[in-house]
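Visitor: Attaching a single structure in C-alpha cells format; questions to follow.
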Amino acid sequence: MSTKHSVAAGRFLKGDRAVWHDETLWMVRAKRDAMSHSLPEWEQLRDAAAAIKNYSNSHLADLLEEFERNATAAGVHVHWASDAEEFCATVADILEAHGAKHLVKSKSMLAEECGLTPYLEARGIEAAETDLGERILQLMHQRPSHIVLPAIHLRKEEIGDLFRREGMHVDPGNNDQTYLTHAARRDWRHKFLEADAAMTGCNFAVAETGECVVCTNEGNAEMGTSQPKLQITAFGLEKVVPDRRSLGVFTRLLARSATGQPVTTYTAHYRKPRPGGELHFIIVDNGRTDILASPDHVKMLNCLRCGACMNTCPVYRRSGGHSYTYFIPGPVGINLGMLKDPARYSDNVSACSLCHSCQDVCPAKIDLAEQIYKWRQVLDGYGVASAAKKHLSQALEWVIDHPHLFGAAVRNAHLVNSLPHWLMYNRLNEWGKEHDMMHFPHESFSEMWKRGKVMPARTNKENDGEKD
Amino acid sequence: MSVGLFIPCYVNAVFPQVGVAAYKLLTFLGQDVVCPEGQTCCGQPMANAGFEDGAVQAAQHFESLFAGCDYVVGPSASCVAFVRGHYGDLLARGGREHFCAAEGRVYDICEYLHDVVRPESLPSIFPHKVSLQNSCHGVRLLHLSSPSERNVPYYNKLRDLLSLVRGCEVVEPERRDECCGFGGMFAVEEHAVSGRMGRDKVRRHMATGAEYITGADSSCLMHQNGIIAREKWPIKTIHIVEILAAGL
Chain A
558 MSTKHSVAAG
568 RFLKGDRAVW
578 HDETLWMVRA
588 KRDAMSHSLP
598 EWEQLRDAAA
608 AIKNYSNSHL
618 ADLLEEFERN
628 ATAAGVHVHW
638 ASDAEEFCAT
648 VADILEAHGA
658 KHLVKSKSML
668 AEECGLTPYL
678 EARGIEAAET
688 DLGERILQLM
698 HQRPSHIVLP
708 AIHLRKEEIG
718 DLFRREGMHV
728 DPGNNDQTYL
738 THAARRDWRH
748 KFLEADAAMT
758 GCNFAVAETG
768 ECVVCTNEGN
778 AEMGTSQPKL
788 QITAFGLEKV
798 VPDRRSLGVF
808 TRLLARSATG
818 QPVTTYTAHY
828 RKPRPGGELH
838 FIIVDNGRTD
848 ILASPDHVKM
858 LNCLRCGACM
868 NTCPVYRRSG
878 GHSYTYFIPG
888 PVGINLGMLK
898 DPARYSDNVS
908 ACSLCHSCQD
918 VCPAKIDLAE
928 QIYKWRQVLD
938 GYGVASAAKK
948 HLSQALEWVI
958 DHPHLFGAAV
968 RNAHLVNSLP
978 HWLMYNRLNE
988 WGKEHDMMHF
998 PHESFSEMWK
1008 RGKVMPARTN
1018 KENDGEKD
Chain B
143 MSVGLFIPCY
153 VNAVFPQVGV
163 AAYKLLTFLG
173 QDVVCPEGQT
183 CCGQPMANAG
193 FEDGAVQAAQ
203 HFESLFAGCD
213 YVVGPSASCV
223 AFVRGHYGDL
233 LARGGREHFC
243 AAEGRVYDIC
253 EYLHDVVRPE
263 SLPSIFPHKV
273 SLQNSCHGVR
283 LLHLSSPSER
293 NVPYYNKLRD
303 LLSLVRGCEV
313 VEPERRDECC
323 GFGGMFAVEE
333 HAVSGRMGRD
343 KVRRHMATGA
353 EYITGADSSC
363 LMHQNGIIAR
373 EKWPIKTIHI
383 VEILAAGL
C-alpha cells in the first residue's frame, strides 16, 4: 500500500536534510504568520482576493479581451496560445524572426510547465535562467523543489561546490551565502549584457491598463528587460485581474503569504515597448479553460503561486519537493497535477493528512484539502486506487454494514493483544512500522453498556438533595 | 430533551473509558442521555481513503439510530466533523432527499459542553500538567480553537473547559496546532511521513514538561500513544472527557 510519493518521502526522511528542510520552511511559515497578524484587515483581504478571483474567473473572456485591447493600443504585440506546444512555438518564432540566440529569462512556472527551455535549446537558442535559485538548478540539471524557493532543498556547501566545478572564481571552502551571491552576480553579469532578448513570467495582468506586473526579489527580471530591445512576457490566462484597485489587494497578499515580506523588493509594471524595442505578451491556456469548466476544481484558478500552502503543509515539509511526481509539489501541486493528467499524477494524492491548514493560509481561499478529498473519491474510476486500500475499505464497509459482525469483531479485538510478536510486527502491518499496537480492552463500551456497567453520575441536584 | 451519545468505533473498541466518562459527564450535568445500541462507524476511514460510496450505508444507519434525539454528541471531533460535513451528500447519494437530521444536531462533546450546556463549575480534580492536542478537524472544521495561521483573536474551548478542573495546569506545545500525522488511512499509506509527524508532535508535547497529552480526538491520541509505546517515552495520553469527569 504505497505510492511513489510515500516511497520517495520515506527515502527523503532517511536522509540527512529532512529535519533541516522542515525547520527551514516552518520558519518561512512563521514569518508569514507574523506578517499576516500585523495587518488587522488580513482576513478581509483574503475575502476580497477570493471575491475578485471569483469575479475574474467568471468574466475571463471579457477581461482578457479588455486586456488585449489596451495592450495593443499601447503598442504591445499580444499573442494567444492554446497549449504548451503553441506557446513554445510562439516564443521560438518571435526569437527566430529577430535572429535572437541568447535569451535571459526570469523565473516563470508557466515556462517550466510548458517545457520552454528544452524546446528552445533544441532549436539552438540558449535560455539562461537569471533567478539565482533557478540558475543553480539549471546548472545542476535539477527541477525546482518549491515554486517560490526553487533551490530550498540545497545546502550552501553544495552550491559552493557547484560554482567551483563551473570554474567560477570562488575560494575553496568559502560557502558564505553573501560571498557566493556576489560571485554569481559577477560571473553571470555578462549573460545580461550579451542577451538578444529577455523573457519574464507575470504575476498579474491588469485588464484596465493592459499592463503586466512582475514581482521579484532579486531584480533579475528588471535587469534582464533593461538591455535587450526585445521582451517577451507570458502568463496563464487566470492571471488577469480587473483593475489596479484589485491589483493592490493581491500585491499586499502575495509577498506576505510567500516569504513574510510586506512587499516584494521589485514590482515592475510593463505597459509598452521601450523606444525602438518590441514587447510581446503571450496569453496561455494550456488546460486552464478545462479547469474553468470543472465546478469542483475551478477555484484552482485563484492560485497566486505564493507557495504558502507548501510551507504550512506538514507532509511537504517532511518529504521535500522532489518526492512529488508533478513539477509543482505540495497541496497546490497535488491538485494541479490531477487537473493536468489524473492517471499520471495520482501518486501525489496520498500526500495529505487532510489537516486543512493549506486552506487557512491560502490568500485566495482555495479549498485545497477539500479538492484532494474529492480526487481520492475518483481514483478508483481511473484504475489507480491502491488495491490494498480498496480491499481494506471494502472489508471495513462490510463489517460496518453488519452491526452483529461489527459487535463480534469488537468483542474479539482483545485477542490481538496476545498475538505473537512476529505476527503483529511484520511487513504486512504498516501500522506496526511506526507504532506499537494499541491495547484492546477485554470489554468494549457496547458490552459494558449491555451489561449495565456504564453508570450515570449523580447530578449536582442529587448531591445537594442528599446534603439536605 | 434527549442527547444521543455517539460512540465512535475506535472509542468503543479501544477506549471504552472515554465513552464511560462522556456518559458520566453528560448525566452529571443533567442531560437526558440515551446511547443507541448497534452503533458501528461513521464511515470516515473509507471516505478519506477515497471510498465514499462505502460510507453511504453507515450514514443511513447512523441517521436512523439517532432519529429521535434532539442532539447527537460524541467524544471525537473528527468523526463529528465528518458527520456534519459529509452526511448530507452521502444520504443524497443513497437516494434520500438532501436532508440530514444528524448533520445539524451533531456536536463534539467539548463544543456541546462549551456552547450549549455551559457549566460554570465542575467538581473534577486533576492535579497534573497537561499539553493540549489541538486536533486539525477540531480546530479547522469545528472551530474548537483559533487556528494559528488565521488572524483571529485567540480562543480555545478545550482550555476554557479545563479551567473548571481543580489542579489542572494547561499548556500548549510549540507549533500548537500542527497536524500529528494520523489522518486515518494516511497513517498506513504514508507511514514514514505520518510516523515522523507523530514523533515530532509528541516531542513538542514533552518539551512543555507536561505529564499528559490531552485532546478532543481519541484518534490523534491513539496514534501518538502507539508512538509513545514504541519509543518508551515518559508521557501519557488521556482524552479530555476523562479529565473533566475525573472524580465524578
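Just so you know, the sequences run in chain order A and B. Letter by letter, the first sequence follows residues 558 to 1025 of the numbering used here. Letter by letter, the second sequence follows residues 143 to 390 of the numbering used here. Every residue gets a Cβ at the ideal spot worked out from N, C-alpha and C, and that includes glycine.
#1: How should B/L233 be labelled, buried or exposed, when 16 other C-beta atoms within 10 angstroms of its C-beta is the threshold for buried?
#2: Please list the terminal residues of the continuous alpha helix (DSSP H) segment that includes A/E642.
#3: Within its chain, find whatever has a CB closer than 7 Å to the CB of B/H228; leave out the 5 residues flanking it on each side and keep chain order.
#4: Can you give me the C-alpha to C-alpha distance between A/T766 and A/Y902, rounded to a whole angstrom?
#5: Mind listing the chain B neighbours of A/R1008? Cutoff is C-beta to C-beta under 8 Å, in chain order.
#6: When the Cα atoms are used, what is the spatial distance from A/T824 to A/V648?
#7: If I measure Cβ to Cβ from A/A752 and keep anything under 6 Å in the same chain, skipping five residues before and after, which residues do I get?
#8: Considering only C-alpha positions, which residue in the set A/A618, A/H826, A/S783, A/V973 is nearest to A/M995?
#9: Name the DSSP beta bridge partners of B/E311, please?
#10: Under the three-state reduction of DSSP, which class applies to A/C772: helix, strand or coil?
#11: So for A/Q818, helix, strand or coil by DSSP?
#12: Could you pull out every unbroken beta strand (DSSP E) segment of at least 3 residues lying fully inside the region 644-730 of chain A, listed in chain order?
#13: By the criterion of Cβ-Cβ separation under 7 Å, what are the contact partners of B/C211 in chain A?
#14: Against chain B, does A/S563 count as a neighbour if the rule is that its beta carbon must be under 9 Å from one of theirs?
#15: Per DSSP, which residues does A/A762 bridge with? Please list them.
#16: At the 9 Å Cβ level, is A/A575 part of the contact set with chain B, yes or no?
#17: For chain A, check one thing: does any of its Cβ atoms lie closer than 9 Å to the Cβ of B/Q275?
#18: Cutting at 8 Å between CB atoms, please list the residues of its own chain near A/S851, excluding the five before and the five after it.
#19: State yes or no: is the beta carbon of A/W745 nearer than 9 Å to at least one beta carbon in chain B?
#20: Can you find a C-beta in chain B that's less than 9 Å from the C-beta of A/C909?
#21: Is the number of C-beta pairs between the region 599-608 of chain A and the region 625-645 of chain A that are closer than 8 Å three or more?
#22: Check B/V145 in the structure and name its three-state DSSP category.
#23: Quick check: what's the CA-CA separation for B/Y152 versus A/T674?
#24: Relative to chain A, which residues along the region 286-303 of chain B have a C-beta separation below 8 Å, given in chain order?
#25: Rounded to the nearest angstrom, how far is the Cβ of A/I885 from that of A/M666, given a contact under 8 Å?
#26: Could you please give me the residues that DSSP links to B/I380 through a beta bridge?
#27: Check whether chain B comes within 9 Å of A/W988, counting only Cβ atoms and requiring the distance to be less than that.
#28: Can you tell me which residues form a DSSP beta bridge with A/I840?
#29: Report yes if the CB atom of A/E795 is closer than 9 Å to the CB atom of A/N614, and no otherwise.
#30: Taking the beta carbon of A/H710 as the centre, do at least 16 other beta carbons fall within 10 Å, making it buried, or is it exposed?
#31: Go ahead and label B/I380 buried or exposed: buried means 16 or more other beta carbons lie within 10 angstroms of its beta carbon, across all protein chains shown.
#32: By Cβ distance below 6 Å, which residues in the same chain neighbour A/K588 in space, the five residues on each side in sequence not counted?
#33: Kindly list, in the order they appear in chain B, the residues whose Cβ is closer than 9 Å to that of A/I709.
Guide: On the basis of the data shown:
#1: buried
#2: 641-654
#3: A189
#4: 38 Å
#5: Simply none; closest approach about 12 Å.
#6: 24 Å
#7: H659, V661, P785
#8: A/V973
#9: B/K271
#10: strand
#11: coil
#12: 659-662, 683-686
#13: Near B/C211 there are no residues of chain A at all, since even the closest Cβ is about 16 Å away, more than 7 Å.
#14: yes
#15: A/C769, A/V797
#16: yes
#17: no
#18: L896
#19: no
#20: yes
#21: no
#22: strand
#23: 53 Å
#24: P289, S290, E291, R292, N293, V294
#25: 7 Å
#26: B/T356
#27: yes
#28: A/W637, A/F792
#29: yes
#30: buried
#31: buried
#32: G817
#33: What A/I709 touches in chain B: nothing, since even the nearest Cβ is about 18 Å away.
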